[in-house]
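Residue numbers (the numbering used here), protein chains in the order written: chain A, 1 to 292; chain B, 1 to 319.
Just so it is clear, CB atoms sit at the ideal spot from N, CA and C, and this is done for glycine as well.
This report concerns only the one structure given below.
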């Protein structure tokens, strides 16, 4: 550091700053534009400043039934988050030992991540259509459909969030010191106690990270929902539907509201992770620091 | 053993009480492989029900027949023959599906090249120039946060900038560089590539950064000490060692763009044909076997690309 930085540092620092500006600039533009006056249009310059468009969304007089879609997306997001966390932590623990179907599960997760979303979505919709046809043919002629937010929709979202959860678990256990568990076992802890009192507290910050991925990826999910969500729409699907027809800033207002939820969740999660890390640093092991 | 138990008892009475239970229940303990099944089973079931079986249905339905409003479960190659309609008759001109795939591959190549360039240098900066761990974390987070926000919002965010009366056009008109607004800025190939780069460079940055932070810094020092220039170190040391990250990032970006229909739809003003969009169009017309046939073709091509790329690195070893 004292030697001074090479010229390439400054060139790349500028490049990096430009990239960050490219990432955030356009987003900030629409957040600003959603606070226009009632006469506002789709582009700059702003036409007055007000919360007119945001208020219009919440009055339900706007273009979509925001309230219902909002609650649906929130419900689905929370369920996806919980399921993702539980299944990823469990499967992550399993991967620390060898077991038979290990590589099948691993490759399923990777494939689920990289097979184009539209194909997974189409497949799920075909699967449920065929199930519906079977039910109609054999059991109940008046059966409507088994497709829905919490059946096919939930499944579609999980195929997207679980691979991320599993990969994060791999990253955690790559750095995890197994001697800590051995020590707990030697002291007579049951496997569950070892997990509950030793492993979980150590991995908790990353587990919250998995929850963050689970919720935000579901909250913004679009491609997999498109064919598999059934009759009702999630918030991002409503938003996408608006892109072809809209001529006033309520699309920006909707975007701002959706982003506000994302940013709230991100802040909460990162804040919690920060607090947990601090606490770990303060109360963690004093090994190697000499006798107290 | 006893002393450590005493110490532990002071620290956490619960644990030691548990130790007795542990001894008592030792005989009734579950076998390790059964526990593994319990732990990994639920995730496996989700992938089975919502990924593997649906893929099988896609393949099966692609060989079914259909009429205007329903699926007919009888063997038929119609999904495929409809897709390739005119491909032989129109030779040497390309048929619709051929043109569509050519367009998709073109978009794919452009997005790949640009995201690779940006992703490589962003990752390089983070891995080699940012020395403090706190700064490294903070700046990586800065690159990750947009990934947790909505893709559609990040697409429509370009409208106020690139539209006919947008910031870019009005800025250029004011400076007198152009006297008519540029029409190709929005709802064009340009805006599609721009939005895809904007959305998915993240998938390139993360794996390349991961490979780069694992590079032993003494290797780079050794290269300099042996008289290599900065450029020689980059080409002969850093790029070969970052190759796994580059390949994994490329696989992500290429497969995303190959199957994309939302970005291409929204940013292309629903005017640009692409592999993913054909599937969507067929589904909207309720021609499920044709949609499934297109999905099988897309899957085969994607699989081919991944196989070719994973020849270069062993993905499993890198995670």
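Leaving aside the five residues before and after residue 70 of chain A along the sequence, list all residues of the same chain whose C-beta is less than 7 angstroms from its C-beta, in chain order.
-> Translated into the one-based positions of the first chain, residue 70 of chain A becomes position 70. So the qualifying residues of the chain are 235.
Is it a yes or a no for the segment 98-115 of chain A touching the segment 233-240 of chain B, going by three-plus beta-carbon pairs under 8 angstroms?
-> no
Chain B residues whose Cβ lies nearer than 7 angstroms to that of residue 97 of chain A | As a working mapping, residue 97 of chain A is identified with position 97 in the first chain. Within 7 angstroms Cβ-Cβ: 32 and 36.
Apart from the five residues on each side of it in sequence, which residues of its chain come closer than 7 angstroms, Cβ to Cβ, to residue 254 of chain B?
-> What you label residue 254 of chain B is simply residue 254 of the second chain in a count that begins at 1. Cβ within range, chain order: 108, 112 and 305.
Starting from the C-beta of residue 146 of chain B, find all residues in its chain whose C-beta is less than 8 angstroms away, skip the five residues before and the five after it, and write them out in chain order.
-> Walking along the second chain from the start, residue 146 of chain B turns up at place 146. Counting only Cβ-Cβ distances below 8 angstroms, and skipping sequence neighbours, we find 154 and 202.
Please go through the same chain and pick out, in chain order, the residues whose beta-carbon is closer than 6 angstroms to the beta-carbon of residue 178 of chain A, but skip the five residues on each side of it.
-> For the purposes of this step, residue 178 of chain A is identified with residue 178 of the first chain, where counting begins at 1. Correct list: empty, nothing qualifies.
Where does residue 64 of chain B sit, in a helix, a strand or coil, going by DSSP?
-> Your numbering for residue 64 of chain B matches position 64 in the second chain. In the three-state scheme derived from DSSP, where H, G and I count as helix and E and B as strand, residue 64 of chain B is classed as strand.
Which of helix, strand or coil DSSP assigns to residue 90 of chain B | What you label residue 90 of chain B is simply residue 90 of the second chain in a count that begins at 1. The answer is coil: DSSP assigns residue 90 of chain B none of H, G, I, E or B.
Limits of the beta strand (DSSP E) - the one that residue 13 of chain A falls within = The residue you call residue 13 of chain A lines up with position 13 of the first chain. Note, residue 13 of chain A: premise wrong, no beta strand (DSSP E); alpha helix (DSSP H) at 7-33.
Between the C-alpha atoms of residue 32 of chain A and residue 157 of chain B, what's the straight-line distance to the nearest angstrom?
-> As a first step, residue 32 of chain A is located in the first chain; it is residue number 32 there, counting from the start. As a first step, residue 157 of chain B is located in the second chain; it is residue number 157 there, counting from the start. Going from the Cα of residue 32 of chain A to the Cα of residue 157 of chain B covers about 11 angstroms.
Under 7 angstroms between C-beta atoms of residue 88 of chain B and residue 192 of chain B | Within the second chain, the letter at position 88 stands for residue 88 of chain B. Within the second chain, the letter at position 192 stands for residue 192 of chain B. No; because the gap between Cβ atoms is not below 7 angstroms, this pair is not in contact.
In three-state DSSP terms, what is residue 45 of chain A?
-> Counting from one through the first chain, the residue named residue 45 of chain A turns up at place 45. Looking at residue 45 of chain A - three-state DSSP - the assignment turns out to be coil, as it is neither helix nor strand.
Could you tell me whether any Cβ in chain B is nearer than 7 angstroms to the Cβ of residue 255 of chain A?
-> The residue you call residue 255 of chain A lines up with position 255 of the first chain. By this cut-off, residue 255 of chain A is an interface position.
Could you say if the segment 165-181 of chain A and the segment 221-240 of chain A meet the contact criterion of at least three C-beta pairs nearer than 8 angstroms?
-> no
Continuous alpha helix (DSSP H) stretch holding residue 236 of chain A: start and end | Indexing the first chain from 1 puts residue 236 of chain A at position 236. Residue 236 of chain A -> alpha helix (DSSP H) spans 235-242.
6 angstroms CB neighbourhood of residue 253 of chain A in its chain, flanking five on each side removed = Numbered from its first residue, the first chain carries residue 253 of chain A at position 253. The answer, listed in chain order, is 34, 53, 54 and 57.
Is the CB of residue 140 of chain B under 7 angstroms away from at least one CB in chain A?
-> Position 140 of the second chain holds residue 140 of chain B. Taking Cβ atoms only, chain A never reaches closer than 7 angstroms to residue 140 of chain B, which makes this a no.
Any heavy atom of the ligand MN within a distance shorter than 6 angstroms of the CB on residue 256 of chain B?
-> Among the components of this structure there are no ligands whatsoever, and the ligand MN is therefore not found.
Quick one: any contact between the segment 52-60 of chain B and the segment 108-123 of chain A, if contact means 3 or more CB pairs under 8 angstroms?
-> yes
Please check the pair residue 33 of chain B and residue 94 of chain A, which I expect to be a contact at CB under 8 angstroms, by giving their CB distance rounded to whole angstroms.
-> Your numbering for residue 33 of chain B matches position 33 in the second chain. Your numbering for residue 94 of chain A matches position 94 in the first chain. That belief does not hold up - the Cβ atoms of residue 33 of chain B and residue 94 of chain A are roughly 10 angstroms apart, past 8 angstroms.
Can you tell me whether DSSP reads residue 74 of chain B as helix, strand or coil?
-> Mapped onto the second chain, residue 74 of chain B falls at position 74. Three-state DSSP puts residue 74 of chain B in a strand.
Same chain, Cβ closer than 8 angstroms to residue 217 of chain B, neighbours up to 5 away in sequence not counted = Start at 1 with the first residue of the second chain, and residue 217 of chain B comes out as number 217. Nothing listed; no residue qualifies.
For residue 36 of chain A, which residues does DSSP report across the bridge?
-> Indexing the first chain from 1 puts residue 36 of chain A at position 36. Paired residues: A/49.
Under 8 angstroms (Cβ pairs) to chain A, residues found in the segment 92-110 of chain B = none
Secondary structure, alpha helix (DSSP H): runs of 4+ residues fully inside the segment 99-136 of chain A | For the segment 99-136 of chain A, whole alpha helix (DSSP H) runs of length 4 or above, ordered along the chain, are 102-114.
Which of helix, strand or coil DSSP assigns to residue 143 of chain B | Along the second chain, one-based indexing puts residue 143 of chain B at 143. Residue state, collapsed to three classes: helix.
Using the beta-carbon count (16 or more within 10 Å), is residue 284 of chain B buried or exposed?
-> Taking the first residue of the second chain as position 1, residue 284 of chain B is located at position 284. So residue 284 of chain B ends up on the exposed side.
Return the chain-ordered list of same chain residues with a C-beta closer than 8 angstroms to the C-beta of residue 197 of chain B, the five sequence neighbours on each side being excluded.
-> Within the second chain, the letter at position 197 stands for residue 197 of chain B. Closer than 8 angstroms at Cβ, skipping near neighbours: 111, 114, 115 and 118.
What is the C-beta distance between residue 273 of chain A and residue 209 of chain A, in whole angstroms, given that I count them as a contact (C-beta under 8 angstroms)?
-> Stepping through the first chain from its first residue, residue 273 of chain A is reached at position 273. Stepping through the first chain from its first residue, residue 209 of chain A is reached at position 209. Contact holds; Cβ gap of about 6 angstroms.
Three-state class that DSSP yields for residue 149 of chain B in the structure shown | Translated into positions along the second chain, residue 149 of chain B becomes position 149. Residue state, collapsed to three classes: coil.
Given 8 angstroms as the limit, is there contact between the segment 195-212 of chain A and the segment 117-136 of chain A, that is, 3 or more CB pairs closer than that?
-> no
Whole angstroms is fine: what's the gap from residue 50 of chain B's alpha carbon to residue 5 of chain A's?
-> Translated into positions along the second chain, residue 50 of chain B becomes position 50. Translated into positions along the first chain, residue 5 of chain A becomes position 5. Approximately 52 angstroms, taken between the alpha carbons.
With DSSP run on the structure shown, which of helix, strand or coil describes residue 160 of chain A?
-> As a working note, residue 160 of chain A is residue 160 in the first chain. Note: residue 160 of chain A maps to helix in three-state DSSP.
Chain A beta carbons: is any one of them nearer than 7 angstroms to that of residue 177 of chain B?
-> As a working mapping, residue 177 of chain B is identified with position 177 in the second chain. Taking Cβ atoms only, chain A never reaches closer than 7 angstroms to residue 177 of chain B, which makes this a no.
Please classify residue 294 of chain B: is it buried, with 16 or more other beta-carbons within 10 angstroms of its beta-carbon, or exposed?
-> Within the second chain, residue 294 of chain B is the residue found at index 294, counting from 1. By the neighbour-count rule (16 or more Cβ atoms within 10 Å), residue 294 of chain B is buried.
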